[in-house]
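Residue numbers (the numbering used here): 1 to 77.
Even glycine gets a Cβ: it sits at the ideal position worked out from N, Cα and C.
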């Protein structure tokens, strides 16, 4: 077993190619932080499509800071 290492991961397909998947811990963490299911769906779609949360709807560096995250923790994302 290896630890999760990213918010978005690439899964190799048996027939060749890759696709992006969201880390399963992300929606769970967002629920814990109080985000709605529709916000979580938007965040997941954005992260898979963009690979970062910088301009994401509902959760982004500004909203994380408002939830108490430090600059160091946000930078680690």
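Distance from the CA atom of residue 69 to the CA atom of residue 3, rounded to whole angstroms, is 22 Å. Here the alpha carbon of residue 33 sits roughly 31 Å from the alpha carbon of residue 12. Around the Cβ of residue 14, a 10 Å sphere holds fewer than 16 other Cβ atoms; the residue is exposed.
Under DSSP, residue 21 takes part in a beta bridge, and its partners are 9. In the three-state reduction of the DSSP assignment, residue 27 falls in the helix class, which pools H, G and I. Rounded to the nearest whole angstrom, the CA to CA distance from residue 73 to residue 23 is 17 Å.
Looking at the backbone, the Cα of residue 75 and that of residue 38 are separated by about 25 Å. Take residue 64, set aside five residues on each side of it, and the residues of its chain with a beta-carbon closer than 6 Å to its own are 74, in chain order.
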